[in-house]
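For the sequence shown, my numbering assigns the number 7 to the initial residue and increments by one for each residue that follows.
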Amino acid sequence: MLSRRETLAGALALGACAGRAPADPRTTDLPAPNDARFAAIEARTGGRLGVAAWRPSDDAWLVHRPHERFAMCSTFKWALAAVQLQMTERGGPSLDHAVRFDERDMHEYAPTARQHLARGWMTIEEACEGAVKLSDNTAANLLLQIQGAPEGFTRLLRADGDGVTRLDRYELDLNDVAPGDERDTTTPEAMARTLKRFLLDDGVLAPAHREKLIGWMIDSPTGLQRLRAGFPASWRAGDKTGTWNGEHNAANDVAIAWPAPHGAPIIVCAYLHRSTIDAAGRNAAHAEIGRIIAAEWG
Numbered sequence: 007m008l009s010r011r012e013t014l015a016g017a018l019a020l021g022a023c024a025g026r027a028p029a030d031p032r033t034t035d036l037p038a039p040n041d042a043r044f045a046a047i048e049a050r051t052g053g054r055l056g057v058a059a060w061r062p063s064d065d066a067w068l069v070h071r072p073h074e075r076f077a078m079c080s081t082f083k084w085a086l087a088a089v090q091l092q093m094t095e096r097g098g099p100s101l102d103h104a105v106r107f108d109e110r111d112m113h114e115y116a117p118t119a120r121q122h123l124a125r126g127w128m129t130i131e132e133a134c135e136g137a138v139k140l141s142d143n144t145a146a147n148l149l150l151q152i153q154g155a156p157e158g159f160t161r162l163l164r165a166d167g168d169g170v171t172r173l174d175r176y177e178l179d180l181n182d183v184a185p186g187d188e189r190d191t192t193t194p195e196a197m198a199r200t201l202k203r204f205l206l207d208d209g210v211l212a213p214a215h216r217e218k219l220i221g222w223m224i225d226s227p228t229g230l231q232r233l234r235a236g237f238p239a240s241w242r243a244g245d246k247t248g249t250w251n252g253e254h255n256a257a258n259d260v261a262i263a264w265p266a267p268h269g270a271p272i273i274v275c276a277y278l279h280r281s282t283i284d285a286a287g288r289n290a291a292h293a294e295i296g297r298i299i300a301a302e303w304g
């Protein structure tokens, strides 16, 4: 079993030997203006909306505020699992290694960890699956400890080419991001490019691990009322949501989808912050974004 000290030491060693150069943190010029349809959705929500929808096969984009920072909330958890899978491939702890935890580590929402609390440990793979599929907060924090704290996760993302996304705090603190605070934020474009690197590009994750991660996203029930609600039922799609109901509320969703029968993959990152409408209305806004994308690229 891995103790916290052992996992931290391993993460620091792997981070120090990561072989890629740090990414350029500057944003890029996208071949698309802000889309008026997304601006109209934003106006109806009373909040701030960021969208980056990308079809990499022909570099087609649909965007709104793609370079602005938004709180990630739990949308970072798919990338957390991706980095963990990559660490395993590079000599880090295997997916069947057990990580110890106890009641002190528990959060109110931790369905996977709660299932394994009596035995006092879960495997790294169980933690990854729980973080992605069910958004388990305890599982996410345990993985962050393996990777060298939130700062270690950020360093590993930098080594993989993401010069924008940053994580600074653990669950649940990372969700509460006031206007102007850059902690625990990303941009829609940066997240879209990171999704492509891990889920579509060769040589970043082994094919088996890539399909495992995509499978967890497809099997997740948390986003069925958001972007995926606007995609046709025939599409193969997976996502990772992020939600915060505090003063600085957020309703986020990042997704990958393959239009049927053999369409080119589409990546969508949508972040809605400080909305004045209720949770059902926020979900409906995401579904409308999904319908716009399906009408364009379906």
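Glycine included, each C-beta is placed from N, C-alpha and C at the ideal position.
These numbers come from a predicted model, not from an experiment.
In this structure, the alpha-carbon of Ala256 lies about 30 Å from that of Leu211.
A straight line joining the alpha-carbon of Glu95 with that of His215 spans about 9 Å. Rounded to the nearest whole angstrom, the C-alpha separation of Met93 and Arg50 is 43 Å. CA-to-CA, the gap between Ser63 and Asp187 works out to about 34 Å. Inter-segment contact for the region 164 to 172 and the region 253 to 271 is absent: fewer than three beta-carbon pairs are separated by less than 8 Å.
Close CB contacts of Gly52 within its chain, under the 7 Å cut and outside five residues either way in sequence, are with Ser281, Thr282 and Ile283 (chain order).
Ala270 counts as exposed, since fewer than 16 other beta carbons sit within 10 angstroms of its beta carbon. Using a 10 angstroms sphere on the CB of Glu109, the tally of other CB atoms stays under 16, which defines it as exposed. Remark: C-beta atoms of Gly296 and Phe237 approach each other more closely than 8 Å. Between the region 56 to 75 and the region 193 to 207, the count of Cβ pairs shorter than 8 Å is three or higher; the stretches touch. Just so you know, the alpha carbons of Leu180 and Asp142 end up roughly 14 Å apart. Between Thr191 and Ala58, the C-beta spacing is not below 8 Å. In this structure, Gln231 sits away from Gln153, with a CB-CB distance that is not shorter than 8 Å.
Only residues of its own chain outside the window of five on either side were considered, and among them Lys139 have a CB closer than 6 Å to the CB of Asp225, listed in chain order. The residue among Phe107, Ala46, Ala38 and Leu123 with its C-alpha nearest the C-alpha of His73 is Ala38. By the beta-carbon neighbour count (other beta carbons within 10 angstroms, threshold 16), Gly244 is buried. Cβ-Cβ separation between His113 and Thr160: approximately 21 Å, too far for a contact (criterion under 8 Å). Per DSSP, the continuous beta strand (DSSP E) segment holding Ala104 begins and ends at Ala104 to Arg106. According to the DSSP assignment, His279 belongs to the beta strand (DSSP E) that extends over Ile272 to His279. Judged by beta-carbon spacing, Trp84 lies beyond the 8 Å limit of Ala104, meaning their Cβ atoms are not closer than that value. Looking at Arg75, Leu101, Ile130 and Leu123, the one whose alpha-carbon comes closest to that of Leu148 is Ile130.
With a contact defined as Cβ atoms closer than 8 Å, Tyr176 and Pro194 miss out at about 24 Å.
For Phe204, DSSP records no beta bridge to any residue. Looking at the DSSP output, Val170 shares a beta bridge with no other residue. Under the DSSP definition of a beta bridge, Arg242 partners with Trp264. Short of 7 Å from the beta carbon of Gly304, and not among the five residues preceding or following it, lie these beta carbons of its own chain, in chain order: Pro238 and Pro265. For Ser240, the number of other beta carbons within 10 angstroms of its own is below 16, and it is reported as exposed. Looking at the DSSP output, Met128 shares a beta bridge with Val105. For Ala66, the beta-bridge partners assigned by DSSP are Arg61.
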